[in-house]
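First residue of the sequence shown? That's 16 in our numbering, and the numbers climb one at a time after it.
For glycine and all other residues, C-beta sits at the position ideal for the given N, C-alpha and C.
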Amino acid sequence: MSNTYKERALKYLEIEWATYIERFNRWPAEERLKRVKAQGYGQFRDMLAHVLAWWQEGMEIIHAIAEGREYERKKYNFDVFNAEAVAKYKNWDEAEFLAHFEKTRQKAAADLRSMNEAAWENRRVRVWVNGVFIHHAREHLVASSRFLILDMLQNEWKPYIEDFEKIGDKEAFLKKQGVGNFREMLGHVIGWWDEGEHIITGILKDPNFKWQDRDTDAVNAELIVKYKKLSDAETQKQFESKRQAMIKLVNELPEEAFTNRDIEGWLAADVVEHFDDHAIHG
16 MSNTYKERAL
26 KYLEIEWATY
36 IERFNRWPAE
46 ERLKRVKAQG
56 YGQFRDMLAH
66 VLAWWQEGME
76 IIHAIAEGRE
86 YERKKYNFDV
96 FNAEAVAKYK
106 NWDEAEFLAH
116 FEKTRQKAAA
126 DLRSMNEAAW
136 ENRRVRVWVN
146 GVFIHHAREH
156 LVASSRFLIL
166 DMLQNEWKPY
176 IEDFEKIGDK
186 EAFLKKQGVG
196 NFREMLGHVI
206 GWWDEGEHII
216 TGILKDPNFK
226 WQDRDTDAVN
236 AELIVKYKKL
246 SDAETQKQFE
256 SKRQAMIKLV
266 NELPEEAFTN
276 RDIEGWLAAD
286 VVEHFDDHAI
296 HG
(Lines of atoms letter the chains of each structure in order from A and count residues from 1; the text may use other names and numbers.)
(Lines give C-alpha, C1' and ligand atoms only; values in the text may rest on other atoms or scores of the structure.)
Protein backbone atom coordinates (compact mmCIF):
# COMPACT_ATOMS: atom_id res chain seq x y z
CA MET A 1 0.00 0.00 0.00
CA SER A 2 2.72 2.44 0.98
CA ASN A 3 4.76 1.79 -2.16
CA THR A 4 1.71 2.45 -4.31
CA TYR A 5 1.07 5.68 -2.42
CA LYS A 6 4.73 6.65 -2.78
CA GLU A 7 4.66 6.14 -6.53
CA ARG A 8 1.43 8.12 -6.79
CA ALA A 9 2.93 11.02 -4.85
CA LEU A 10 6.05 10.99 -6.99
CA LYS A 11 3.99 11.07 -10.17
CA TYR A 12 2.31 14.23 -8.93
CA LEU A 13 5.71 15.88 -8.58
CA GLU A 14 7.23 14.40 -11.72
CA ILE A 15 4.23 14.70 -14.05
CA GLU A 16 1.49 16.98 -12.72
CA TRP A 17 3.59 19.69 -11.11
CA ALA A 18 6.39 19.34 -13.69
CA THR A 19 4.01 20.46 -16.45
CA TYR A 20 1.86 22.80 -14.34
CA ILE A 21 3.35 26.11 -15.51
CA GLU A 22 3.59 25.01 -19.15
CA ARG A 23 -0.06 23.94 -19.20
CA PHE A 24 -1.22 27.16 -17.60
CA ASN A 25 0.72 29.22 -20.15
CA ARG A 26 -1.18 27.58 -23.02
CA TRP A 27 -4.22 29.67 -22.20
CA PRO A 28 -4.66 33.13 -23.74
CA ALA A 29 -3.58 35.99 -21.43
CA GLU A 30 -7.14 37.00 -20.62
CA GLU A 31 -8.08 33.44 -19.65
CA ARG A 32 -4.94 33.08 -17.53
CA LEU A 33 -5.77 36.21 -15.55
CA LYS A 34 -9.37 35.08 -15.09
CA ARG A 35 -8.28 31.72 -13.68
CA VAL A 36 -5.70 33.22 -11.33
CA LYS A 37 -8.20 35.75 -9.98
CA ALA A 38 -10.68 32.91 -9.43
CA GLN A 39 -8.01 31.39 -7.18
CA GLY A 40 -7.81 34.63 -5.21
CA TYR A 41 -4.47 35.87 -6.53
CA GLY A 42 -3.49 38.96 -8.49
CA GLN A 43 -0.91 37.16 -10.60
CA PHE A 44 0.20 33.62 -11.34
CA ARG A 45 3.56 33.88 -9.59
CA ASP A 46 1.79 34.79 -6.33
CA MET A 47 -0.10 31.51 -6.50
CA LEU A 48 3.14 29.68 -7.29
CA ALA A 49 4.75 31.37 -4.28
CA HIS A 50 1.92 30.02 -2.13
CA VAL A 51 2.42 26.50 -3.53
CA LEU A 52 6.19 26.75 -3.09
CA ALA A 53 5.89 27.86 0.54
CA TRP A 54 3.71 24.87 1.43
CA TRP A 55 6.10 22.50 -0.35
CA GLN A 56 8.96 23.84 1.75
CA GLU A 57 6.94 23.75 4.97
CA GLY A 58 5.73 20.23 4.29
CA MET A 59 9.15 18.86 3.35
CA GLU A 60 10.75 20.21 6.54
CA ILE A 61 8.22 18.29 8.61
CA ILE A 62 8.40 15.17 6.42
CA HIS A 63 12.21 15.15 6.75
CA ALA A 64 11.96 15.51 10.53
CA ILE A 65 9.53 12.60 10.82
CA ALA A 66 11.58 10.40 8.48
CA GLU A 67 14.73 11.12 10.50
CA GLY A 68 13.02 10.70 13.87
CA ARG A 69 13.59 14.32 14.88
CA GLU A 70 11.28 16.52 16.90
CA TYR A 71 9.64 19.37 15.04
CA GLU A 72 7.48 22.32 15.96
CA ARG A 73 3.75 21.58 15.90
CA LYS A 74 2.26 24.80 14.56
CA LYS A 75 -1.23 26.23 14.53
CA TYR A 76 -1.28 27.94 11.16
CA ASN A 77 -2.91 31.23 10.42
CA PHE A 78 -3.36 30.45 6.74
CA ASP A 79 -3.98 34.03 5.66
CA VAL A 80 -0.78 35.20 7.34
CA PHE A 81 1.24 32.24 6.03
CA ASN A 82 0.05 32.80 2.46
CA ALA A 83 0.62 36.56 2.61
CA GLU A 84 4.18 36.02 3.85
CA ALA A 85 4.81 33.56 1.00
CA VAL A 86 3.69 36.10 -1.62
CA ALA A 87 5.71 38.90 0.01
CA LYS A 88 8.87 36.76 0.22
CA TYR A 89 9.18 36.42 -3.55
CA LYS A 90 7.60 39.72 -4.57
CA ASN A 91 10.86 41.36 -5.66
CA TRP A 92 12.49 38.30 -7.18
CA ASP A 93 13.41 38.36 -10.86
CA GLU A 94 10.84 36.32 -12.80
CA ALA A 95 13.36 33.89 -14.32
CA GLU A 96 15.13 33.46 -10.97
CA PHE A 97 11.84 32.74 -9.21
CA LEU A 98 10.70 30.17 -11.81
CA ALA A 99 14.11 28.47 -11.65
CA HIS A 100 13.79 28.30 -7.85
CA PHE A 101 10.31 26.81 -8.14
CA GLU A 102 11.58 24.13 -10.52
CA LYS A 103 14.66 23.39 -8.39
CA THR A 104 12.46 22.99 -5.31
CA ARG A 105 10.14 20.63 -7.19
CA GLN A 106 13.03 18.46 -8.34
CA LYS A 107 14.59 18.35 -4.86
CA ALA A 108 11.27 17.41 -3.25
CA ALA A 109 10.84 14.56 -5.73
CA ALA A 110 14.39 13.32 -5.17
CA ASP A 111 14.06 13.53 -1.39
CA LEU A 112 10.74 11.67 -1.34
CA ARG A 113 12.09 9.00 -3.66
CA SER A 114 15.07 8.35 -1.38
CA MET A 115 13.14 8.62 1.90
CA ASN A 116 13.20 5.47 4.03
CA GLU A 117 10.26 3.20 3.33
CA ALA A 118 9.15 3.11 6.97
CA ALA A 119 8.37 6.82 6.87
CA TRP A 120 5.72 6.21 4.23
CA GLU A 121 3.77 4.22 6.82
CA ASN A 122 3.58 7.26 9.10
CA ARG A 123 0.11 8.81 8.99
CA ARG A 124 1.43 12.34 9.45
CA VAL A 125 3.83 11.93 6.51
CA ARG A 126 0.95 10.83 4.30
CA VAL A 127 -1.21 13.73 5.51
CA TRP A 128 1.47 16.26 4.55
CA VAL A 129 2.27 14.55 1.23
CA ASN A 130 -1.41 14.51 0.35
CA GLY A 131 -1.96 18.09 1.46
CA VAL A 132 0.92 19.83 -0.30
CA PHE A 133 1.48 17.66 -3.37
CA ILE A 134 -1.69 15.72 -4.22
CA HIS A 135 -4.73 17.63 -2.94
CA HIS A 136 -3.01 20.97 -3.55
CA ALA A 137 -2.80 20.20 -7.27
CA ARG A 138 -6.54 19.96 -7.61
CA GLU A 139 -7.18 22.80 -5.17
CA HIS A 140 -5.26 25.06 -7.57
CA LEU A 141 -6.42 23.43 -10.78
CA VAL A 142 -5.93 26.06 -13.49
CA ALA A 143 -5.31 23.71 -16.42
CA SER A 144 -6.59 20.13 -16.33
CA SER A 145 -4.19 17.38 -17.35
CA ARG A 146 -4.80 13.85 -18.54
CA PHE A 147 -2.74 12.64 -15.58
CA LEU A 148 -4.81 14.43 -12.92
CA ILE A 149 -8.18 13.46 -14.37
CA LEU A 150 -7.16 9.81 -14.66
CA ASP A 151 -5.65 9.83 -11.18
CA MET A 152 -8.93 11.10 -9.73
CA LEU A 153 -10.93 8.42 -11.53
CA GLN A 154 -8.51 5.65 -10.58
CA ASN A 155 -7.55 6.62 -7.04
CA GLU A 156 -10.32 8.80 -5.61
CA TRP A 157 -13.53 7.70 -7.33
CA LYS A 158 -12.61 3.99 -7.49
CA PRO A 159 -12.94 3.32 -3.73
CA TYR A 160 -15.90 5.72 -3.32
CA ILE A 161 -18.45 2.98 -2.57
CA GLU A 162 -16.06 1.16 -0.25
CA ASP A 163 -15.25 4.41 1.56
CA PHE A 164 -18.94 5.11 2.11
CA GLU A 165 -19.36 1.73 3.78
CA LYS A 166 -16.68 2.71 6.32
CA ILE A 167 -18.52 5.86 7.45
CA GLY A 168 -19.83 5.70 10.98
CA ASP A 169 -22.70 8.15 10.55
CA LYS A 170 -23.94 7.47 7.03
CA GLU A 171 -27.19 9.34 7.62
CA ALA A 172 -25.38 12.57 8.48
CA PHE A 173 -23.26 12.33 5.32
CA LEU A 174 -26.27 11.72 3.09
CA LYS A 175 -28.20 14.56 4.69
CA LYS A 176 -25.27 16.92 4.08
CA GLN A 177 -25.24 15.84 0.43
CA GLY A 178 -28.97 16.52 0.11
CA VAL A 179 -29.94 12.96 -0.81
CA GLY A 180 -32.10 10.36 0.87
CA ASN A 181 -29.82 7.39 0.30
CA PHE A 182 -26.47 6.43 -1.22
CA ARG A 183 -28.12 5.11 -4.37
CA GLU A 184 -29.30 8.65 -5.13
CA MET A 185 -25.77 9.96 -4.47
CA LEU A 186 -24.27 7.55 -6.97
CA GLY A 187 -27.03 8.25 -9.49
CA HIS A 188 -26.29 11.97 -9.22
CA VAL A 189 -22.61 11.34 -10.06
CA ILE A 190 -23.44 8.94 -12.91
CA GLY A 191 -25.91 11.42 -14.40
CA TRP A 192 -23.42 14.27 -14.52
CA TRP A 193 -20.72 11.98 -15.94
CA ASP A 194 -23.23 11.07 -18.67
CA GLU A 195 -23.82 14.75 -19.36
CA GLY A 196 -20.11 15.54 -19.46
CA GLU A 197 -19.34 12.63 -21.77
CA HIS A 198 -22.18 13.67 -24.09
CA ILE A 199 -20.83 17.21 -24.38
CA ILE A 200 -17.17 16.23 -24.69
CA THR A 201 -17.82 13.68 -27.45
CA GLY A 202 -20.10 16.19 -29.18
CA ILE A 203 -17.32 18.80 -29.26
CA LEU A 204 -14.79 16.26 -30.50
CA LYS A 205 -17.05 15.35 -33.42
CA ASP A 206 -18.01 18.94 -34.21
CA PRO A 207 -16.05 22.00 -32.95
CA ASN A 208 -19.24 24.05 -33.38
CA PHE A 209 -21.25 21.67 -31.22
CA LYS A 210 -23.68 23.55 -28.97
CA TRP A 211 -25.37 22.15 -25.92
CA GLN A 212 -28.22 23.44 -23.88
CA ASP A 213 -27.40 24.55 -20.36
CA ARG A 214 -29.70 22.51 -18.18
CA ASP A 215 -31.15 23.61 -14.86
CA THR A 216 -28.97 21.93 -12.26
CA ASP A 217 -31.72 21.47 -9.68
CA ALA A 218 -34.07 20.01 -12.29
CA VAL A 219 -31.43 17.54 -13.50
CA ASN A 220 -30.64 16.48 -9.95
CA ALA A 221 -34.33 15.95 -9.22
CA GLU A 222 -34.71 13.82 -12.37
CA LEU A 223 -31.75 11.69 -11.34
CA ILE A 224 -33.21 11.04 -7.90
CA VAL A 225 -36.44 9.82 -9.48
CA LYS A 226 -34.56 7.64 -11.95
CA TYR A 227 -32.36 5.91 -9.39
CA LYS A 228 -35.16 5.37 -6.90
CA LYS A 229 -36.37 2.66 -9.28
CA LEU A 230 -33.07 0.77 -9.31
CA SER A 231 -31.58 -1.55 -6.72
CA ASP A 232 -28.41 -0.69 -4.81
CA ALA A 233 -26.56 -3.46 -6.66
CA GLU A 234 -27.65 -2.24 -10.09
CA THR A 235 -26.76 1.37 -9.27
CA GLN A 236 -23.32 0.38 -8.02
CA LYS A 237 -22.80 -1.69 -11.16
CA GLN A 238 -23.72 1.32 -13.32
CA PHE A 239 -21.40 3.57 -11.31
CA GLU A 240 -18.42 1.28 -11.88
CA SER A 241 -19.29 0.83 -15.56
CA LYS A 242 -19.50 4.61 -16.02
CA ARG A 243 -16.23 5.17 -14.16
CA GLN A 244 -14.51 2.75 -16.53
CA ALA A 245 -16.14 4.51 -19.50
CA MET A 246 -14.81 7.86 -18.27
CA ILE A 247 -11.30 6.41 -17.95
CA LYS A 248 -11.53 5.15 -21.54
CA LEU A 249 -12.80 8.54 -22.73
CA VAL A 250 -9.95 10.44 -21.05
CA ASN A 251 -7.32 7.99 -22.24
CA GLU A 252 -8.50 8.41 -25.84
CA LEU A 253 -8.75 12.21 -25.83
CA PRO A 254 -6.34 13.93 -28.22
CA GLU A 255 -3.86 16.17 -26.39
CA GLU A 256 -5.39 19.32 -27.89
CA ALA A 257 -8.67 18.50 -26.13
CA PHE A 258 -7.08 19.71 -22.90
CA THR A 259 -6.67 23.18 -24.40
CA ASN A 260 -10.34 23.36 -25.34
CA ARG A 261 -11.95 25.43 -22.58
CA ASP A 262 -15.26 23.58 -22.73
CA ILE A 263 -13.77 20.08 -22.65
CA GLU A 264 -11.21 21.02 -20.01
CA GLY A 265 -13.87 22.75 -17.95
CA TRP A 266 -16.24 19.77 -18.00
CA LEU A 267 -13.45 17.39 -16.99
CA ALA A 268 -12.45 19.66 -14.10
CA ALA A 269 -16.04 20.10 -12.92
CA ASP A 270 -17.23 16.51 -13.44
CA VAL A 271 -14.24 14.57 -12.15
CA VAL A 272 -12.25 16.85 -9.83
CA GLU A 273 -14.54 19.50 -8.35
CA HIS A 274 -17.47 17.10 -8.10
CA PHE A 275 -15.40 14.67 -6.08
CA ASP A 276 -14.45 17.32 -3.56
CA ASP A 277 -18.09 18.46 -3.43
CA HIS A 278 -19.08 14.96 -2.35
CA ALA A 279 -15.88 13.71 -0.71
CA ILE A 280 -16.20 11.04 1.95
CA HIS A 281 -14.18 11.59 5.08
CA GLY A 282 -14.44 8.44 7.10
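Taking the alpha-carbon of residue i as reference, which of the options has the nearest alpha-carbon?
{"i": "I76", "options": "E212, S160, N137 and I278", "result": "N137"}
{"i": "D61", "options": "H150, N235, K103 and R128", "result": "K103"}
{"i": "E249", "options": "E99, A123, T274 and G202", "result": "G202"}
{"i": "D178", "options": "V194, W207, Y20 and H296", "result": "H296"}
{"i": "E109", "options": "E132, K243 and I36", "result": "I36"}
{"i": "N235", "options": "V194, F39, E99 and F116", "result": "V194"}
{"i": "E72", "options": "D126, F116 and V147", "result": "V147"}
{"i": "F116", "options": "E45, I149, G217 and F59", "result": "F59"}
{"i": "R139", "options": "A44, R88 and D285", "result": "R88"}
{"i": "E22", "options": "N223, K90, E132 and E237", "result": "E132"}
{"i": "V300", "options": "I149, E237 and G57", "result": "The first residue shown for the chain is 16 and the last is 297, placing residue 300 beyond what the model contains."}
Taking the straight line between their C-alpha atoms, what separation do you get for residue i and residue j?
{"i": "M130", "j": "H289", "result": "33 Å"}
{"i": "S17", "j": "A152", "result": "Here S17 scores only 49 on pLDDT, less than 50, and its place in the model should not be relied on; the value that follows carries that caveat. Distance between the alpha carbons of S17 and A152: 20 Å."}
{"i": "K191", "j": "D184", "result": "11 Å"}
{"i": "T119", "j": "P174", "result": "32 Å"}
{"i": "R41", "j": "V51", "result": "14 Å"}
{"i": "F197", "j": "A187", "result": "12 Å"}
{"i": "K26", "j": "Y86", "result": "27 Å"}
{"i": "K105", "j": "L28", "result": "24 Å"}
{"i": "A134", "j": "D291", "result": "27 Å"}
{"i": "E171", "j": "L163", "result": "11 Å"}
{"i": "W70", "j": "A123", "result": "8 Å"}
{"i": "R47", "j": "L156", "result": "12 Å"}
{"i": "K241", "j": "D166", "result": "29 Å"}
{"i": "D232", "j": "D277", "result": "21 Å"}
{"i": "L63", "j": "N275", "result": "23 Å"}
{"i": "V101", "j": "H65", "result": "6 Å"}
{"i": "E255", "j": "M74", "result": "36 Å"}
{"i": "E45", "j": "L127", "result": "37 Å"}
{"i": "N298", "j": "T216", "result": "With the chain covering only 16 through 297, there is no way to say anything about residue 298."}
{"i": "Q253", "j": "W207", "result": "13 Å"}
{"i": "L43", "j": "K49", "result": "First, the amino acid is wrong: residue 43 is Pro here, not Leu. When rounded, the distance between both Cα atoms is 10 Å."}
{"i": "K90", "j": "L189", "result": "31 Å"}
{"i": "L113", "j": "P222", "result": "35 Å"}
{"i": "E9", "j": "D285", "result": "The structure shown does not extend to residue 9, since the chain is modelled only from 16 through 297, so no value can be given for it."}
{"i": "E111", "j": "Q121", "result": "15 Å"}
{"i": "S246", "j": "E180", "result": "16 Å"}
{"i": "Y95", "j": "L264", "result": "For clarity, residue 95 is Val in the given sequence; the question names Tyr instead. Looking at the two C-alpha atoms, the distance is approximately 42 Å."}
{"i": "A53", "j": "E237", "result": "31 Å"}
{"i": "G55", "j": "E99", "result": "15 Å"}
{"i": "W107", "j": "G57", "result": "16 Å"}
Check whether the Cβ atoms of residue i and residue j sit closer than 8 Å, and answer yes or no.
{"i": "A260", "j": "L219", "result": "no"}
{"i": "I262", "j": "Q169", "result": "yes"}
{"i": "M200", "j": "H78", "result": "no"}
{"i": "I182", "j": "Q251", "result": "no"}
{"i": "Y20", "j": "R141", "result": "yes"}
{"i": "V1", "j": "A24", "result": "Given that the chain is displayed from residue 16 to residue 297, the structure contains no residue 1 and the question cannot be resolved."}
{"i": "I205", "j": "K243", "result": "no"}
{"i": "A158", "j": "F39", "result": "yes"}
Can you find a heavy atom of the ligand ATP that lies under 7 Å from the Cβ of residue i?
{"i": "E186", "result": "Ligands displayed in this structure: none; no statement on the ligand ATP is therefore possible."}
**Study point:** Inter-stretch contact (C-beta, 8 Å, three-pair minimum) for the stretch 262 to 273 and the stretch 223 to 231
**Key:** Taking 8 Å as the limit for Cβ pairs, the verdict is that the stretch 223 to 231 does not touch the stretch 262 to 273.
**Study point:** Contact the stretch 30 to 37 vs the stretch 81 to 98: 3+ CB pairs below 8 Å
**Key:** no
**Study point:** the stretch 209 to 226 / the stretch 279 to 294 touching (three or more Cβ pairs under 8 Å)
**Key:** yes
Review point. Can you list, in chain order, the stretches of the alpha helix (DSSP H) that have 4 or more residues and sit fully within the stretch 87 to 160?
Key: 93 to 103, 109 to 129, 138 to 144 and 150 to 154, all fully within the stretch 87 to 160.
Exercise for review: Could I get the ranges of all uninterrupted alpha helix (DSSP H) runs contained in the stretch 152 to 214, with 4 residues as the minimum, in chain order?
Suggested key: Fully enclosed alpha helix (DSSP H) runs of 4 or longer: 161 to 166, 175 to 180 and 185 to 192.
Practice item. Mind listing, in chain order, the continuous alpha helix (DSSP H) runs of no fewer than 4 residues lying wholly within the stretch 27 to 55? Key: Qualifying alpha helix (DSSP H) stretches, in chain order: 35 to 39 and 44 to 53.
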